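Visitor: After the structure tokens below, expect a handful of questions from me.
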Amino acid sequence: MSTVDDIKLALRRSRKQAEEDLFTPRGILLFLGVVATLLVPLFAGPYLQGVVLQMYIFFLAVASWNFIAGYFGMFSFTHAALFGIGGYATAVSALELGVNPIVAIVIGGVAGGLFSLPITIPALRLGGSYLAMVTLAYAEIIHLAAISFRDITGGPTGLTGFTAMFGGSRFQFFYFTVAVVGLFLAVQYVLTVSRFGLIARAIRESEDAAQMLGNNTYRHKLAGFFVGSALAGVAGGLQVYNVLIISPQMLQINQMIRFMAMTVIGGIGIFSGPIVGVVAVLGLSELLRGFTSIRLLIWGFLLLIIILFAPNGIMGSSVQSDLLKEQANTVRNALRGDSK
Amino acid sequence: MVETLLLLQQIINGLLFGGQLALVAIGLTLIWGVTRILNFAHGAMFMLGGYAGFFAYEFTGSLLVAIPVAALALFVIGVGTEVLVVRQLRDRDNTEIAAIIGTFAIAVIAENLMRYLYQTDRRSIPTLTTGIWQFDQIILIKEQVLMFTLALVSLGVLFAVIRYTKLGMAMRAVAQDTDTARLMGIRSDRIYALTFGVSAALAGLAGVLLSNTYSIYPGVGWRPFLFAFIVVIIGGLGSVRGTLLAALFIGVFRSLSLTFISSQQAEMLLFLVMIAILIVRPTGIGGVIDS
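Those sequence lines, one after another, are chains A and B.
The letter at position 282 of the first sequence is residue 282 when you use UniProt numbering, and the numbering goes up by one with no holes.
The letter at position 111 of the second sequence is residue 111 when you use UniProt numbering, and the numbering goes up by one with no holes.
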């Protein structure tokens, strides 16, 4: 089968799956939520608009971590660092080379992907815990590099002074971000529904079995990690144009804790999990503005409680009821068949 | 001639540092070896050990009391972590990831709780002794030699326990094959809890002993924790002897490279060495020694 056929098949399958997903109660709720956020710049003030914009950027960053960790089971601690690398690459190419902002964001994505390779090529042959250790160490090295290579990164204070996109129009930037994030989330959705995503889940469940079925698991993991990291890089580029400053803080371990808390709270390995997680965590932290000092403490406790008592997060915690509904449907269909 | 002396001095400093590093890394490797769980709260245990030692010293005024108290306190915390959190995650499908998230959450909680309670002030404990020994131009700081000796003695006790006692035999049995070990009447749950306790106690001990190098503040655990990562990856996760050797090697490597480059660059270089070793020998050097 040619690549074009493969893509056609994947698109057909994702359309079917998307229709199915959309007409569940949860899908409808999520859809209405997305529509509501699209109306925010028209009706709400700049504060709420800023919060929603930040949520959209985090959707992409967190969903791409979910892609790596949730679908493939590759527990990467480098994600926040690659998010930052994307930001730095965008900032440097905009500042030093003067490229167009949109191109700069693409460069950020490519940089995020490329910087994943030094760690994935040696480490992806190892087990999950090794990978977690190595990626955490790598993240720290990137953090150190961001601080110490002053000529490129501006040292601890970082880089500022690039021109905002669309002549500083927050309104246009909002819809630009929504469009970019929407596009890449759609790409990720197609990937998770297609054969690629199936192999990803097979690798997560049992890498040996997936390999025995004739899949080059190493190459799939490498590609998956690259795609996820590139998406993080794009999110980093968007973030740079959102806040118009980049400093080593952006790629610190605290950022990683946030990404992780968002994914796990929303539901790891579920497509809508990160979206719900971002809204829950960012919404909560907006409410907790007065308690900045204990925010991380609260996230730590949330992580612990979720992993102990609801390991599938908010979106996955009622899988049982879905199962029941499915069974009820089969029974109903069988009865209908009898009555005919 | 001066050059050689300088290098010799750096090698000695490196060995002293490596011995203390081994204390942190051995705990990490021990938990992995016996329970197949990577404890991401290990750095937090190191930090808590420092605080426990500090408060014990404030209360009693004696360092000789404070050091064992810190180790004991962390033993209790380690057992508590295993029983309350890690044990609950053990029989899941995805234990490995659940354990990483669970222990990482504990690390986040511990660090931020301490930050909330005691802010980010740096605290320190006075040294046991002062003064130096000088041989020709080689200088040995007495305190460091003492700490190195304490570290080696603790590791020696640990080796002896693992090698020659019934408890150690039970640990090795559980590490090799949990099911068979349980059939032989070993209560694997107890062994797991004990291993966590011992490992946390070692981290806590390191937290007190190294408090003069790193001082005591809520985020102090991350740096030695990352060093411990590099050590266990080079030494081979789960191999106690490999870890010890790797710790000494890294201590020497770090202090030698410090004479030529900055400490940040030295850490980056160390990381590159780790990657190189991963490519050449994914299981670390441990396999060779233990087999």
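Here a beta-carbon is modelled for each residue, glycine too, at the ideal position from N, C-alpha and C.
Keep in mind that this is a model prediction, so the values were computed, not measured.
Classify B/VAL153: buried if its beta carbon has 16 or more other beta carbons within 10 angstroms, exposed otherwise.
Guide: That one is exposed.
Visitor: For B/MET268 and chain A, any beta-carbon pair shorter than 8 Å?
Guide: At least one chain A Cβ lies under 8 Å of B/MET268.
Visitor: Looking at the secondary structure, which residues open and close the beta strand (DSSP E) in which residue 294 of chain B lies?
Guide: This structure cannot settle anything about residue 294 of chain B, because the visible part of chain B is limited to 1 through 291.
Visitor: Considering B/ILE138, what are the terminal residues of the beta strand (DSSP E) in which it resides?
Guide: It spans 138-141 - the beta strand (DSSP E) in which B/ILE138 sits, taken as one unbroken run.
Visitor: Return no unless some Cβ of chain A is closer than 8 Å to the Cβ of B/ASN112.
Guide: Judged by the 8 Å Cβ criterion, B/ASN112 is in contact with chain A.
Visitor: Give a yes or no on contact between the segment 121-134 of chain B and the segment 100-112 of chain A, applying the rule of three or more CB pairs nearer than 8 Å.
Guide: Counting Cβ pairs under 8 Å, fewer than three are found: no touch.
Visitor: Got a sec? Which residues, its chain only, sit under 7 Å from B/ALA203 by beta carbon, not counting five neighbours each side?
Guide: Counting only Cβ-Cβ distances below 7 Å, and skipping sequence neighbours, we find VAL24, GLY27, HIS42, MET45, PHE46, GLY49, LEU74.
Visitor: Using 10 angstroms around the beta-carbon of B/TRP133, count the other beta-carbons present and answer buried if the total reaches 16, otherwise exposed.
Guide: The residue in question, B/TRP133, is exposed, as its Cβ has fewer than 16 Cβ neighbours within 10 Å.
Visitor: Rounded to the nearest angstrom, how far is the Cβ of A/PRO156 from that of B/ILE279, given a contact under 8 Å?
Guide: Not quite, the Cβ-Cβ distance comes to about 32 Å (not below 8 Å), so this is no contact.
Visitor: Under a three-way DSSP split, which group does B/LEU21 fall into?
Guide: Note: B/LEU21 maps to helix in three-state DSSP.
Visitor: Would you say A/GLU207 reaches chain B, if we count a Cβ-Cβ gap shorter than 8 Å as a contact?
Guide: False, the Cβ-Cβ gap to chain B never drops below 8 Å.
Visitor: Please return the same chain residues whose Cβ sits closer than 8 Å to the Cβ of A/PHE225, not counting the five positions on each side in sequence.
Guide: Cβ within range, chain order: ILE68, PHE72, MET74, SER76, SER116, THR120, LEU124.
Visitor: Residues in its own chain within less than 6 Å of A/LEU198 by CB, not counting five upstream and five downstream?
Guide: Closer than 6 Å at the Cβ level, and outside the excluded window around A/LEU198, lies no residue.
Visitor: Could you have a look at B/ARG187 and say whether DSSP puts it in helix, strand or coil?
Guide: Note: B/ARG187 maps to coil in three-state DSSP.
Visitor: Looking at the structure shown, is A/VAL270 part of a helix, part of a strand, or coil, going by DSSP?
Guide: Looking at the sequence shown, residue 270 of chain A is not Val but Ile. A/ILE270 falls in the coil class under three-state DSSP.
Visitor: Could you name the residues of chain A that B/ARG92 contacts, counting a contact when the two beta carbons are closer than 8 Å?
Guide: Within 8 Å Cβ-Cβ: PRO311.
Visitor: Using 10 angstroms around the beta-carbon of A/GLU19, count the other beta-carbons present and answer buried if the total reaches 16, otherwise exposed.
Guide: Answer is exposed; the Cβ neighbour count stays below 16.
Visitor: Rounded to whole angstroms, what's the CA-CA distance from B/GLY197 to B/LEU8? Just pull it up for me.
Guide: Each residue's Cα considered, the two are about 37 Å apart.
Visitor: Do you know whose CA, among A/ALA137, A/SER93, A/LYS8, lies nearest B/ILE275's CA?
Guide: Nearest C-alpha to B/ILE275: A/ALA137.
Visitor: Spatial neighbours of B/LEU6 within its chain, please: C-beta separation below 8 Å, excluding the five flanking residues on both sides.
Guide: THR259.
Visitor: Identify whether A/VAL319 lies in helix, strand or coil by the three-state DSSP scheme.
Guide: Low confidence applies here, because A/VAL319 scores a pLDDT of 49, under 50, leaving its location unreliable and the question unanswered by this model.
Visitor: Since B/LEU64 meets chain A, which of its residues come closer than 8 Å, beta carbon to beta carbon?
Guide: By Cβ distance, chain A contributes nothing, its closest Cβ being about 34 Å from B/LEU64, past 8 Å.
Visitor: Would you identify the three-state DSSP class for B/ILE37, choosing helix, strand or coil?
Guide: Coil, per DSSP.
Visitor: Quick one: list the residues of chain B neighbouring A/LEU71, beta-carbon separation under 9 Å, in chain order.
Guide: Residue 71 of chain A is actually Tyr in this sequence, not Leu. Residues of chain B passing the Cβ test: none, with the nearest at roughly 12 Å.
Visitor: Which residues of chain A have a Cβ atom closer than 8 Å to the Cβ of B/PHE159, listed in chain order?
Guide: Here the premise fails: no neighbours, minimum Cβ distance about 24 Å.
Visitor: Going straight from the alpha carbon of A/LEU159 to that of A/SER169, what length do you get?
Guide: For A/LEU159 and A/SER169, the distance between alpha carbons rounds to 21 Å.
Visitor: What would DSSP say about B/ILE125, mapped onto helix, strand or coil?
Guide: Reduced to three states, the DSSP call for B/ILE125 is coil.
Visitor: Mark B/ARG190 as exposed unless 16 or more other C-beta atoms lie within 10 angstroms of its C-beta, in which case mark it buried.
Guide: Per the 10 Å Cβ criterion, exposed.
Visitor: Can you tell me where the alpha helix (DSSP H) with A/ARG125 in it begins and where it stops?
Guide: From DSSP, A/ARG125 is part of no alpha helix (DSSP H); its letter is neither H nor E.
Visitor: Measuring only between beta-carbons, confirm whether A/VAL319 sits less than 8 Å from chain B.
Guide: Note that A/VAL319 has pLDDT 49, beneath the 50 cutoff, so the model's placement of it is unreliable and no number is given.
Visitor: Which one or two residues does DSSP pair with A/ILE245 in a beta bridge?
Guide: Answer is A/THR160, bridged to A/ILE245.
Visitor: To which residues of the same chain is B/VAL232 closer than 6 Å at the C-beta, ignoring the five residues directly before and after it?
Guide: So the qualifying residues of the chain are ALA25, LEU28, THR29, THR243.
Visitor: Could you compute how far the alpha carbon of B/ALA193 sits from the alpha carbon of A/LEU288?
Guide: Whole-angstrom Cα-Cα distance: 37 Å.
Visitor: Against A/TRP299, what residues of chain B qualify as contacts under a CB-to-CB distance less than 8 Å, listed in chain order?
Guide: By Cβ distance, chain B contributes VAL108.
Visitor: Would the segment 55-65 of chain B count as touching the segment 211-230 of chain B if we require 3 or more Cβ pairs under 8 Å?
Guide: With a cut-off of 8 Å, the segment 211-230 of chain B and the segment 55-65 of chain B do not count as touching, because too few Cβ pairs lie within range.
Visitor: Quick check on A/ILE7 - is its C-beta less than 8 Å from some C-beta in chain B?
Guide: Chain B, which has no Cβ nearer than 8 Å to the Cβ of A/ILE7, makes this no.
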